[in-house]
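In full-length UniProt numbering, the protein residues as written are 1 to 601.
So, in structure tokens, the structure goes:
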């Protein structure tokens, strides 16, 4: 055999060593024969269903809250396991270790606490169209969407309000947090302002808080907080004692409500008003100017009280007595308890427990914008509430300077007031003196009325949420629609699935995120529309129109058809007179054309 190069001979040796020739394809590898598993092997195979509940609970305690909820949605057995009290207690201690937990809580409380802690958050999207309008904290060129710092002691966010230099957060434990700005160094060595990067506790045991209702944050110099404190100076009273007869009940000092006023720049308390222990308040709102600041206080029985404070004298250390006065709506309508109060600079909106709405306007100009006329305005009796005619139960409200928005229990949206910039979302710029329904593409979650624009937080059937807006788009109030819109359109805003409310300033838009499983659903399904029985007059009218239609079809002349149609429009159709006249004149104009041979049908 001839000698071949080493390279070629190496190939031959390797091929022959494998047992096949170069021209032949390599043989296919033989499949390994495996025997099917026996019945005993299948029974002893370990699956997730074969794990004991204690081991599954141990595994679930090391995953996130969303994973536990998703695991419980697979079947009924795992759903019952996902409701375990010990499981949610361990999740609370691991994921919400900074929260002040109660010593003994029901299973729902532990689960609710963990979900509140997991879903809480505050997303901010900066606004402003130019360098001069852009605030200092967002001139660094960073992302337009950011998340605020989460205080470790916070347990679920309920409300948020921006001030000139800070951001206020109110959680389910009754704690008001003050989020401050911070300066950090960037990778280029420049100082960058970060919005809401530090936090501090402003007040505890709070029930509600309020600031100046105007949209300009520069007016929000003071923060009013409704607090419940123990009155240590009062005589202790024995509570209801369920102990054995003859045993002495413990004496506990009574609790009383008070309003504490803080200066937003220094976070220092400058004033405090204490009320009698017999009065228990649940809501606080402000209206008016700095010289005559009016505080509106709602009691647990639905009564509304008011008192006036001069903010220019709050820094003066002195003590004086303020007089509480019962509002006229509680005097004139004592049988209607007030559930919610919404205020603006010169107007107040009352929502009763039955869902009726009353409007109180303090200025003739604002009265004209809301009602559409000056008739009925009495400058000597400005505190008289005006009922808004709406045959539905209202569950949510939002009040702006010159327009308002109402949500009924079926999720319908009604707008009223000034529509100069299209902020009512009706498709035009005509003011509305009565609540007018506005159709939205999705189910509303929250609405917010600004100075000359409106925002709506909507939710789809799949749970995806978006923000739609209408009105003036100047200053990027409507991201993605700088020219504004007279109808609600989708805005360029990233919305988390747990977003529950929104508010905005001239610099930033805030989305408050939280989910409370104990909160009942706000809206109910709309009732089915019942077809009304047709009256005899309507039945006769329908029969006559059917007869005219049959005559119209049997007629061969087009001229005769136009005459029959014109006679039916004049005699039987109950439409707008202007529309009827237009239709008749149009038919008369068509009639001569139909006389020619080309007009035959």
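Every residue gets a Cβ at the ideal spot worked out from N, C-alpha and C, and that includes glycine.
For residue 319, the secondary structure class from DSSP, reduced to helix, strand or coil, is coil. Residue 47 carries a coil assignment under DSSP once its states are collapsed to helix, strand and coil. When the five nearest sequence neighbours on each side are left out, the beta carbons in the same chain lying within less than 8 Å of the beta carbon of residue 370 are those of 347, 359, 361, 402, 403, 404, 416, 417, 418, 433, in order along the chain. Closest by C-alpha distance to residue 494, out of 197, 480, 505, is 480. Counting along the chain, residue 416 sits inside no alpha helix (DSSP H); it lies in the beta strand (DSSP E) bounded by residues 413-417. Looking at the backbone, the Cα of residue 306 and that of residue 466 are separated by about 38 Å. Taking C-beta atoms as the reference points, residue 266 and residue 282 fail to come closer than 9 Å. In this structure, 273 is the residue among 323, 273, 55 with its C-alpha nearest to the C-alpha of residue 228. Of all alpha-carbon atoms in 303, 310, 270, 280, the one lying nearest the alpha-carbon of residue 289 is that of 310.
Contact annotation: the stretch 417-431 does not touch the stretch 378-389, with fewer than three C-beta pairs closer than 8 Å. For the stretch 434-487, the full-length beta strand (DSSP E) segments reaching 3 residues or more read 443-449, 453-459, 465-471 along the chain.
Between residue 170 and residue 262, the alpha-carbon positions lie close to 15 Å from each other.
Residue 482 is positioned such that its CB atom lies no closer than 9 Å to that of residue 470.
Non-local beta-carbon contacts of residue 53 in its own chain, meaning distances under 7 Å to residues more than five positions away in sequence, involve 81 in chain order. Taking the Cα of residue 323 as reference, the smallest distance to any Cα among 315, 295, 303 is reached at 295. In this structure, the CA atom of residue 343 is about 42 Å from the CA atom of residue 68. At a Cβ-Cβ threshold of 9 Å, residue 336 and residue 302 count as neighbours. In this structure, the beta-carbon distance from residue 410 to residue 158 does not fall below 9 Å. Taking the C-beta atoms as reference points, residue 197 is found nearer than 9 Å to residue 149.
Remark: C-beta atoms of residue 356 and residue 394 approach each other more closely than 9 Å. Contact between residue 122 and residue 457 is ruled out by a C-beta separation of about 14 Å, above the 8 Å threshold. Here residue 260 is buried: its Cβ has 16 or more other Cβ atoms, across all protein chains shown, within 10 Å.
Per DSSP, reduced to three states, the secondary structure at residue 217 is helical. Rounded to the nearest angstrom, the gap between the Cα atoms of residue 319 and residue 312 is 15 Å.
In the three-state reduction of the DSSP assignment, residue 279 falls in the coil class, being assigned neither a helical nor a strand state.
Here the alpha carbons of residue 205 and residue 330 stand approximately 27 Å from one another.
Where residue 222 is concerned, the enclosing beta strand (DSSP E) starts and stops at 222-230. Here the stretch 548-559 makes no contact with the stretch 434-449; the two share fewer than three CB pairs at distances below 8 Å. DSSP assignment within the stretch 288-338 yields the following whole alpha helix (DSSP H) runs of 4 residues or more, N-terminal first: 328-332. C-alpha of residue 71 to C-alpha of residue 444: approximately 29 Å in a straight line.
Here residue 285 has 210, 296, 341, 343 as same chain residues with Cβ atoms under 6 Å from its own Cβ, once five neighbours each way along the sequence are excluded. When only Cα atoms are considered, residue 292 and residue 345 end up about 11 Å apart. Boundaries for residue 561: no beta strand (DSSP E) harbours it, while the alpha helix (DSSP H) harbouring it runs 558-571, taken from the DSSP string. In the DSSP assignment, residue 537 falls within the alpha helix (DSSP H) that extends over 536-554.
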